[in-house]
Amino acid sequence: MSYVVHLWEEAAPASLQDADRLHTRLAGTPAVANPKFAQLARALIDRFPAEVGGCGGAGAEWVESPPDGQTDCRVYSLGLYEEGISLLLPDLVDVATGLGLTVYDNQAGRAYLPGAWVLDASGRHPLQAEPPPTSPTVAQGRAMFKREVLPTLAKQGFKLAPHNLGLDFVRQRSSGEQKLTVGLRNLDQALEVKPSTTVYPALPPGIAEAVGPGVRPIFLFARQYAPLQPYAPSAAPSAGPRYPEFLADSETQLRALARAYLAPVQATWLPLLDAIAEPPGLVQCDRQPAPHDVDFGSSYGMLGMAHWIGAPDFDTFVDTHAARMAATPLRGLVPVLRGMAEKLKARPDLFGIHPRMA
């Protein structure tokens, strides 16, 4: 269910009770649509073409549908979703009241009036602009990356999956689920942005059982994010493959960071993810990442892939992954990894069965 606000141009209400009565009466009065409603709709789409207008592949995710200002009564109602409640509503109020419209938000118990006034349960007060946050919020980060990144990735088959800690761009390929993640975290003075890339391998049943539920995801690490370096914290990075953090302390920086992220996505990640879309390509790129400037993490799932395609150097492949794991905090799991490899070798009937069980 969306969050609905109602707008009209009639005399401003004197109280919330008056606003409720006005809304009921005006909503029941047939009328030709007020041209100011269409003017408001155009202004909101101009400010937020993707989230409100549905342009660029992101969909009109902040509203029920792209607004057009059309109505058959003297009230225009607009349904808001998700970030639209926090990020669109202030602009909606600003534009609407500037046009001489009243904005009735009965769910919050407020009516915004022309002339920068607001009615609430305690009466009529000047509408004070809320101070801007000291840094962008997670919600703003999600909205920005949707707007700046999704149109490009949508053309490559990725779909958006927002979550509380950021958002994922996900697509399915024969080798498994490919996921570009943008982790977001509010710090005291900035929004932390942490990009990562993961493949969740799609293994046939027998091999999946041998691999088990352990470190199955395949973690991929870019060796550099040069376009994002201006936003890197000053602290020296830790040794070895890692997912880097970047900081945005303003909306302007956040927009620039989101746009900069597209450079490694297009130059590094999309070519690599295309190259590993099939199981043989995935194993080959693990062996020899060049020309892709990435490192592969250790993964039980990758050993399952190597067994599935019948890698002739399977034992060497296992040694490589054990050495990778030994160089990380997961070094204590090296015996588990080698034990899992022995389970795979105990199933010669599953060795090299790709593509028969693709």
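The sequence shown begins at 12 in my numbering and counts up one residue at a time. Quick reminder that beta carbons are idealized off the backbone N, C-alpha and C, glycines included.
Exercise for the section: Taking Val129 as the reference, give the member of Ile364, Ser26, Arg234 with the closest Cα. Expected result: As a first step, residue 129 is located in the sequence shown; it is residue number 118 there, counting from the start. Nearest option by C-alpha distance: Ser26.
Practice task
Within 10 angstroms of the Cβ of His332, are there 16 or more other Cβ atoms? Answer buried if so, exposed if not.
Solution key: Locating residue 332 in the sequence shown gives position 321, where the first residue counts as 1. Classification for His332: buried.
Exercise for the section: Ignoring anything shorter than 4 residues or poking outside the segment 30-76, list the alpha helix (DSSP H) runs there in chain order. Expected result: 46-58
Problem - Whole-angstrom distance between Leu265 and Ala337, CA atom to CA atom - result: Here the question's residue 337 lines up with position 326 in the sequence shown. Here the question's residue 265 lines up with position 254 in the sequence shown. About 36 Å.
Exercise for the section: Mind listing, in chain order, the continuous beta strand (DSSP E) runs of no fewer than 3 residues lying wholly within the segment 195-237? Expected result: 202-212, 229-233
Handout entry: Straight-line gap, Leu124 to Ile287 (C-alpha atoms, nearest Å)
Key = To locate residue 124, count along the sequence shown from 1; it is residue 113. To locate residue 287, count along the sequence shown from 1; it is residue 276. Answer to the nearest angstrom: the Cα atoms are 57 Å apart.
Exercise for the section: Would you tell me roughly how many angstroms separate the C-alpha atoms of Gly312 and Val16, rounded to the nearest one? Expected result: Counting from one through the sequence shown, the residue named residue 312 turns up at place 301. Counting from one through the sequence shown, the residue named residue 16 turns up at place 5. Taken atom to atom, the span from the alpha-carbon of Gly312 to that of Val16 is near 50 Å.
Handout entry: Ser97 versus Leu348: straight-line alpha-carbon distance, rounded
Key = To locate residue 97, count along the sequence shown from 1; it is residue 86. To locate residue 348, count along the sequence shown from 1; it is residue 337. Roughly 47 Å between the two C-alpha positions.
Handout entry: Distance, Gln139 Cα to Phe230 Cα
Key = By 1-based counting over the sequence shown, the position of residue 230 is 219. By 1-based counting over the sequence shown, the position of residue 139 is 128. Approximately 48 Å, taken between the alpha carbons.
Problem - Cα-Cα separation between Gly68 and Gly177, rounded to whole angstroms - result: Position 57 of the sequence shown, counted from the first residue, corresponds to residue 68. Position 166 of the sequence shown, counted from the first residue, corresponds to residue 177. Because the pLDDT at Gly68 is just 47, under 50, the model does not fix this residue reliably, and the point stays unresolved.
Problem - Contact set for Arg153: own chain, Cβ-Cβ below 6 Å, skip 5 residues either direction - result: As a working mapping, residue 153 is identified with position 142 in the sequence shown. Cβ contact annotation for Arg153 (same chain, cutoff 6 Å, sequence separation greater than five): Pro173, Leu178, in chain order.
Handout entry: Per DSSP, cross-strand counterpart(s) of Gln28
Key = Reading the sequence shown from its first residue, position 17 is the one you call residue 28. Its beta-bridge partners do not exist; DSSP assigns none.
Problem - Spatial distance of Leu18 from Pro46 (CA atoms) - result: Locating residue 18 in the sequence shown gives position 7, where the first residue counts as 1. Locating residue 46 in the sequence shown gives position 35, where the first residue counts as 1. When rounded, the separation of the alpha-carbon atoms in Leu18 and Pro46 is 12 Å.
Problem - Counterpart residues of Ala122 in DSSP-defined beta bridges - result: Numbered from its first residue, the sequence shown carries residue 122 at position 111. Paired residue(s): Tyr115, Leu130.
Problem - Rounded Cβ spacing between Tyr87 and Phe59 (contact assumed at less than 8 Å) - result: Position 76 of the sequence shown, counting from 1, holds the residue named residue 87. Position 48 of the sequence shown, counting from 1, holds the residue named residue 59. 18 Å between Cβ atoms; not a contact.
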